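Asks:
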Amino acid sequence: LSSRQIQIAIAGLALAMMAIGFYAYRLLEREERPPAVRVSAIPATSGPGEQVTLMLGSSGGPGLRPRKVRASSLPADPGPRAQEVVRLLLRAYAAKGSGHPLPAEAEVKQVFVVEDTAVLDMNAAFSEKHPSGIAAEQLTLDSLAQTLKANLPQIKRIKVLIEGKERRTLAGHVALDWFVEAGEAAEGADRK
Amino acid sequence: VVVVDAAHGGQETGATLASRTYEKDVTLALARRVRASLQKRDVPALLLREEDRSLSTEERAESTNRIGRAIYVGLHASASGSGVSVVTARMNSRTGKDSGLLAWDAAQAAYLQGSERMASRMAEEFAKKKLSVHRRRAEVPPLRHLAAPAVLLEITPGDGPSQALNSAAFQELISEAVAGAVADFTRSYRAQAMQDSGRP
Numbered sequence: 001l002s003s004r005q006i007q008i009a010i011a012g013l014a015l016a017m018m019a020i021g022f023y024a025y026r027l028l029e030r031e032e033r034p035p036a037v038r039v040s041a042i043p044a045t046s047g048p049g050e051q052v053t054l055m056l057g058s059s060g061g062p063g064l065r066p067r068k069v070r071a072s073s074l075p076a077d078p079g080p081r082a083q084e085v086v087r088l089l090l091r092a093y094a095a096k097g098s099g100h101p102l103p104a105e106a107e108v109k110q111v112f113v114v115e116d117t118a119v120l121d122m123n124a125a126f127s128e129k130h131p132s133g134i135a136a137e138q139l140t141l142d143s144l145a146q147t148l149k150a151n152l153p154q155i156k157r158i159k160v161l162i163e164g165k166e167r168r169t170l171a172g173h174v175a176l177d178w179f180v181e182a183g184e185a186a187e188g189a190d191r192k
Numbered sequence: 001v002v003v004v005d006a007a008h009g010g011q012e013t014g015a016t017l018a019s020r021t022y023e024k025d026v027t028l029a030l031a032r033r034v035r036a037s038l039q040k041r042d043v044p045a046l047l048l049r050e051e052d053r054s055l056s057t058e059e060r061a062e063s064t065n066r067i068g069r070a071i072y073v074g075l076h077a078s079a080s081g082s083g084v085s086v087v088t089a090r091m092n093s094r095t096g097k098d099s100g101l102l103a104w105d106a107a108q109a110a111y112l113q114g115s116e117r118m119a120s121r122m123a124e125e126f127a128k129k130k131l132s133v134h135r136r137r138a139e140v141p142p143l144r145h146l147a148a149p150a151v152l153l154e155i156t157p158g159d160g161p162s163q164a165l166n167s168a169a170f171q172e173l174i175s176e177a178v179a180g181a182v183a184d185f186t187r188s189y190r191a192q193a194m195q196d197s198g199r200p
């Protein structure tokens, strides 16, 4: 073999190794990433897929009202399933024209379902950029609890963590060192 | 004694209502007006904080609980929402069982009926003044620790600008409604207390 042929063979081998390395990296990355549920920026109300009930409210409005939306697929396991439902709820509140605007950066990092309790681990933006006020904060927590109950009936209460830690209040008012019961009504009977 | 609690204070500013307008300042100004309106009606009242300083939830509850037969009114303000929210404690599954002792986390349970009565009275008074009013139950510190009838108010500018929360006219309207309702509730609460203690 001539030295030129050897050089070509080495270059070819190097290229092949780089291609194999890149392919292996992509395979590993795909395995590590949780299966994403495809949802649009604003949840669709019709179309193929699974129906999800979001319990939505608006600032100053009457209590929570159900809105049916569709997700392309939801995981069967309660934790990931609850996580995707919460993700849909946050997107609905972050959408333009929302009656209770929440920050677009708010995200649910993980949900654990233990018997009748869902433990929601939210990111820092969910708390730090949340509108500050009793009514606004309680609305968000009730909406989360009741939405989860509507889609995973075994869930009776939720506990919210921020970046894995317990925080005293959501945004300065409503306690997070407490369980939010899904059956409780925030609005009293004598609203005028 | 009516304990008027201006929420937040010091480093803890509460909500930012408008440029350089913080919840802690609005609540303190409103608390002073509520105290004056109550005193005008011969109802003794005190503020938990008289100036811009921070008080922990525990300090607020302890100070109130040390006063025998207190009535607690907490004041909040928010830029979001509408009208006035009249808030009582939401006592849920962590509410303590009747052990004969008053559990710190469930002190409010024994007073909840009184709190609800006072809240309804306040809602009526706000409605009379043509203010949009919402009755709510929420888990807001220090409500659950209070061994007294206790109500929180959250005022919002409604459709108006957030600066409206600072206006003397708006605050006077709120404080007169609060004082009217609390004075009325205080009379029935005092009468009930005397009846319970067997005094004429």
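Residue numbers (this note's numbering), protein chains in the order written: chain A, 1 to 192; chain B, 1 to 200.
For every residue, glycine included, the Cβ atom is placed at its ideal position computed from N, Cα and C.
Given the structure is predicted, the values throughout are model-derived calculations rather than measurements.
1) Does the region 159-174 of chain B come into contact with the region 30-49 of chain B, if we say contact requires no fewer than three beta-carbon pairs (one atom in each stretch) closer than 8 Å?
2) Determine the contact status of A/Ala145 and A/Ala125, defining contact as a CB-CB distance below 8 Å.
3) Would B/Gly96 count as contacting chain A if we go by Cβ distances under 8 Å?
4) Name the residues in the region 58-73 of chain B whose C-beta lies less than 9 Å from a C-beta of chain A; which are they?
5) Please state whether DSSP places B/Phe126 in a helix, a strand or coil.
6) Quick check on the DSSP output: the beta strand (DSSP E) that includes B/Met91 runs from which residue to which?
7) So which residues on chain A does B/Ala15 lean against when the C-beta distance must stay under 7 Å?
8) If contacts are defined as beta-carbon pairs under 8 Å, then B/Thr49 and B/Ala6 qualify, I think. What distance do you get, rounded to the angstrom?
9) Would you mind sorting B/Lys130 into buried or exposed? The rule is 16 or more other CB atoms within 10 Å of its CB.
10) By the 10 Å Cβ neighbour count, where 16 or more other Cβ atoms means buried, how is B/Ser115 classified, buried or exposed?
11) Using the beta-carbon of each residue, which ones in chain B are nearer than 7 Å to A/Gln138?
12) Against chain B, does A/Gly60 count as a neighbour if the rule is that its beta carbon must be under 8 Å from one of theirs?
13) With a 10 Å radius around its C-beta and 16 neighbouring C-beta atoms as the bar for buried, classify B/Ser162 as buried or exposed.
14) Run down chain B in chain order and give the residues with a C-beta less than 7 Å from the C-beta of A/Ala175.
15) Consider the Cβ of B/Val26: report whether some Cβ of chain A lies at a distance smaller than 8 Å.
16) Output, in chain order, the set of chain A residues within a Cβ distance shorter than 8 Å of B/Gly83.
17) Say whether the region 166-180 of chain A touches the region 63-80 of chain A, bearing in mind that this needs 3 or more beta-carbon pairs closer than 8 Å, one atom from each stretch.
Replies: Taking the definition as stated:
1) yes
2) no
3) Residue placement at B/Gly96 is flagged as unreliable, the pLDDT there being 46, under the threshold of 50; a coordinate-derived value is accordingly withheld.
4) none
5) helix
6) Per DSSP, B/Met91 belongs to no beta strand (DSSP E) and is neither H nor E.
7) Ser132, Gly133, Gly172
8) Note that residue 49 of chain B is Arg in the sequence shown, not Thr. That belief holds up - the Cβ atoms of B/Arg49 and B/Ala6 are roughly 6 Å apart, short of 8 Å.
9) exposed
10) buried
11) Arg136, Ala138
12) yes
13) buried
14) Glu139, Val140, Pro141
15) no
16) Gly60
17) no
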